[in-house]
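Participant: Here it is, the structure, as structure tokens.
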Amino acid sequence: MQALRGTQDILPEDAYKWNYMESAIRRLCSCYGYGEIRTPMFEATELFQRGIGDTTDVVTKEMYTFTDRGGRSITLRPENTASAVRAYLEHKLYGDQQVHKLFYIGSMFRYDRPQAGRYREFHQFGVEVLGADSPAADAEVISLAYTLFQKLGLKDLVLHVNSIGCGKCRPVYRQKLIEYFREREETLCDTCKDRLEKNPLRVLDCKEEGCRAAAAGAPKITDYLCEECQAKFDALKRYLTALGISYELDPQLVRGLDYYTNTAFEIQYTPLGAQSAICGGGRYDGLVEEIGGPHTPSVGFAVGLERLLLALEMQHLIPEPAKPRHVYIAALGEAAVAEGVKIQQALRGEGVRADMDLQGRSLKGQMKQAGRSGADYTVIIGDNELASGSAVVKSMAEGSQENISFEAIPKYIAERETGVQ
Ligand code: HAM
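The sequence shown begins at -15 in the working numbering and counts up by one.
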């Protein structure tokens, strides 16, 4: 049996890298005042259909949807924004008239074509700010992502920003775009021909050559923004400049989910090729209403953690994990093992890593294992040691050894050099 295509195991030698990223995320979210939310991995299919949009690739092609034993249509979450909004409504978080700042880390599921940086089960870190209309909130979430990458030491990231307008100005632009692409329909791919009427903005995002060529001269949304959207976009740009965050204006940036309004942004790392978007997000002022709640302007983003990890590895930015002091206890015979486990327990209580043989090895075999395991010290207990009540404690780096009474071993180790950091 093998892990399914597009899924992967994270083994102990890699798990620390995930902990490293997640610790940095949690530290930063706490400074920004974001509280963690954990929502279920699966939800009613309708939540995503209504939230993400019926004509999006995610909903039409990529969802893991099944009927459960009770006959309900269930979907493994392809993203976490819709679920966060559902939870916000279910728990009436809007009741206190406050801005709610949430973050999450977890698995998402999309039936995508697997390749480097694209998986069927992948992990996102995301934030959602619910109930904030000000462009200062957009700037804050962008600054949170930017600061995270900066703290991790990542270089060569490019922030792309755009405004995709609102319910007032986008329909005018949409119509212009349909007219423009209709004149070039023969160069569009079949998918884009199909979605031209329903979702013309998506054509701007199509990777097919004909569509890209057609999109190159397309009208720009930023030329059609209403006064209010323009003012918000200008304010966002001012805040970004004030924060020292450089950005590229990208009028072709449209996102794959339908809930976005106004701000759309991506942070890209070009060496990741086709999967260069490490972070994507934007404002979604209509989503809470769409899901049945009060008008709640909101903004957020999600970072693909596999992609972040790839970028960190490419730039050699993951430090080796701290190694605690490490002792191997080699014991021969039932009584020595009993004494050994007591010492082991005491050492572990002091925060020292302590290992013993669990495979019935000879004393020689245990000594070899101690060397292989990279222990800093080996404690040896045989018949003589049992009789004298003290064990041989050998420093593996120096080769020197001393006899130390059983009870004094934890203190003796604690006073010695720490393990390699
Ligand atoms: P998204 O652009 O669909 O947005 O995904 C965000 C990020 O998740 C992408 O930029 C990418 O790094 C990662 N990602 C997406 N699909 C895959 C995949 N198949 N394999 C690996 N990584 C992937 C959202 O999901 C929105 N919910 C973001 C958001 C939050 N907008 C507002 N709030």
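Yeah, the Cβ is synthetic: ideal placement off N, Cα and C, and Gly gets one too.
Please read these numbers as outputs of a predicted model, since none were measured by experiment.
In whole angstroms, what separates the C-alpha of alanine 295 from that of isoleucine 302?
Facilitator: Distance between the alpha carbons of alanine 295 and isoleucine 302: 10 Å.
Participant: Would you say the beta carbon of glutamine 108 is closer than 7 Å to some non-hydrogen atom of the ligand HAM?
Facilitator: Yes, the beta carbon of glutamine 108 sits closer than 7 Å to at least one heavy atom of the ligand HAM.
Participant: Between which residues of its own chain and valine 404 is the CB-CB distance below 6 Å, once the five residues before and five after are set aside?
Facilitator: Annotation note: pLDDT 42 at valine 404 (below 50); position unreliable, coordinate value reported separately. The answer, listed in chain order, is Lys307.
Participant: Assuming arginine 309 contacts aspartate 360 (C-beta within less than 8 Å), just tell me the rounded distance between them.
Facilitator: Arginine 309 to aspartate 360, Cβ: 6 Å. Contact.
Participant: Distance, Cα to Cα, arginine 451 vs leucine 86?
Facilitator: Look at the range of the chain in this structure, -15 to 405, and you will see that residue 451 is not part of it.
Participant: Taking the straight line between their C-alpha atoms, what separation do you get for arginine 196 and tyrosine 16?
Facilitator: Cα to Cα, arginine 196 sits roughly 39 Å from tyrosine 16.
Participant: Considering only C-alpha positions, which residue in the set Gly115, Phe32, Arg(-11), Tyr0 is nearest to serine 72?
Facilitator: Rather than serine, the amino acid found at residue 72 in this sequence is tyrosine. When each option's Cα is compared against that of tyrosine 72, the closest is Gly115.
Participant: Could you spell out where the alpha helix (DSSP H) holding glycine 110 opens and where it closes?
Facilitator: From DSSP, glycine 110 is part of no alpha helix (DSSP H) but of the beta strand (DSSP E) over 105 to 114.
Participant: For alanine -1, which three-state DSSP category applies?
Facilitator: DSSP places alanine -1 in helix when its eight states are reduced to three.
Participant: Please list, in chain order, all residues of the same chain as glutamate 297 whose beta carbon is under 6 Å from its beta carbon, the five residues on each side excluded.
Facilitator: Taken in chain order, the list of residues that qualify is empty.
Participant: Going residue by residue through the segment 109 to 183, where are the continuous alpha helix (DSSP H) segments of at least 4 residues, counting only ones entirely within it?
Facilitator: Entirely contained in the segment 109 to 183, the alpha helix (DSSP H) runs reaching 4 residues are, in chain order, 119 to 136, 154 to 166, 174 to 179.
Participant: How close, in whole Å, do the beta carbons of valine 187 and leucine 209 come, if the pair is a contact with beta carbons under 8 Å?
Facilitator: Valine 187 to leucine 209, Cβ: 19 Å. No contact.
Participant: Within the continuous beta strand (DSSP E) that includes tyrosine 267, where are the two ends?
Facilitator: Residue identity check: residue 267 is arginine in the sequence provided, not tyrosine. Arginine 267 -> beta strand (DSSP E) spans 261 to 267.
Participant: Spatial neighbours of serine 372 within its chain, please: C-beta separation below 8 Å, excluding the five flanking residues on both sides.
Facilitator: Around serine 372: Asn387.
Participant: Would you check if the segment 49 to 62 and the segment 261 to 269 touch, i.e. whether three or more CB-CB distances between them fall below 8 Å?
Facilitator: Flag = no, the segment 261 to 269 and the segment 49 to 62 do not touch.
Participant: Counting C-beta neighbours from all protein chains within 10 Å, is the total for arginine 97 16 or more, i.e. buried, or is it exposed?
Facilitator: The residue in question, arginine 97, is exposed, as its Cβ has fewer than 16 Cβ neighbours within 10 Å.
Participant: Measure the alpha-carbon distance for arginine 104 versus proline -4 and round it to whole angstroms.
Facilitator: When rounded, the distance between both Cα atoms is 21 Å.
Participant: Whole angstroms are fine: how far does the CA of alanine 121 sit from the CA of glutamine 99?
Facilitator: Approximately 34 Å, taken between the alpha carbons.
Participant: Thinking C-alpha only, which one of Gly284, Asp178, Pro155 is nearest leucine 128?
Facilitator: It is Gly284.
Participant: Check whether the Cβ of phenylalanine 285 sits closer than 7 Å to any heavy atom of the ligand HAM, and report yes or no.
Facilitator: Phenylalanine 285 Cβ: within cutoff of the ligand HAM.
Participant: Cβ of threonine 65 versus every heavy atom of the ligand HAM: is any distance shorter than 7 Å?
Facilitator: Correct: threonine 65 has its Cβ closer than 7 Å to the ligand HAM.
Participant: Could you tell me if the beta carbon of glycine 266 falls within a distance shorter than 7 Å of some heavy atom in the ligand HAM?
Facilitator: Correct: glycine 266 has its Cβ closer than 7 Å to the ligand HAM.
Participant: Checking 8 Å against the spacing of the C-beta atoms, do isoleucine 126 and leucine 141 come in under that value?
Facilitator: No, these two residues do not count as a Cβ contact at 8 Å.
Participant: I need the DSSP call for glycine 270, collapsed to helix, strand or coil.
Facilitator: Glycine 270: coil per DSSP, three-state reduction.
Participant: Hey, would you say the C-beta of arginine 179 is under 7 Å away from at least one heavy atom of the ligand HAM?
Facilitator: No, the Cβ of arginine 179 stays beyond 7 Å of every heavy atom of the ligand HAM.
Participant: So does the segment 229 to 245 actually touch the segment 35 to 48, counting three or more Cβ pairs closer than 8 Å?
Facilitator: Counting Cβ pairs under 8 Å, three or more are found: they touch.
Participant: Given alanine 398, which residues of its chain have a CB within under 7 Å of its CB, disregarding the five upstream and five downstream residues?
Facilitator: The residues are Glu334.
Participant: Based on the DSSP output, what are the partners of threonine 23 in its beta bridges?
Facilitator: For threonine 23, which the question treats as bridged, DSSP gives no partner whatsoever.
Participant: At the level of alpha carbons, what is the spacing between leucine 237 and valine 113?
Facilitator: Their backbone Cα atoms lie some 21 Å apart in a straight line.
Participant: DSSP state of glutamate 232, grouped into three classes?
Facilitator: In this structure, glutamate 232 counts as strand in the three-state DSSP scheme.
Participant: The ligand HAM and arginine -11: does the residue's C-beta get closer than 7 Å to at least one heavy atom of that ligand?
Facilitator: No, the ligand HAM has no heavy atom inside 7 Å of this Cβ.
Participant: Using 8 Å as the threshold, is the C-beta distance between glycine 101 and asparagine 64 below it?
Facilitator: Against a cut-off of 8 Å, the Cβ pair of asparagine 64 and glycine 101 comes out as no contact.
Participant: Would you identify the three-state DSSP class for glutamine 82, choosing helix, strand or coil?
Facilitator: In the structure shown, glutamine 82 sits in coil (DSSP, three-state: anything other than H, G, I, E or B).
Participant: Do leucine 370 and glutamate 323 come within 8 Å of each other at the CB atom, strictly closer than that value?
Facilitator: Taking 8 Å as the Cβ cut-off, glutamate 323 and leucine 370 qualify as a contacting pair.
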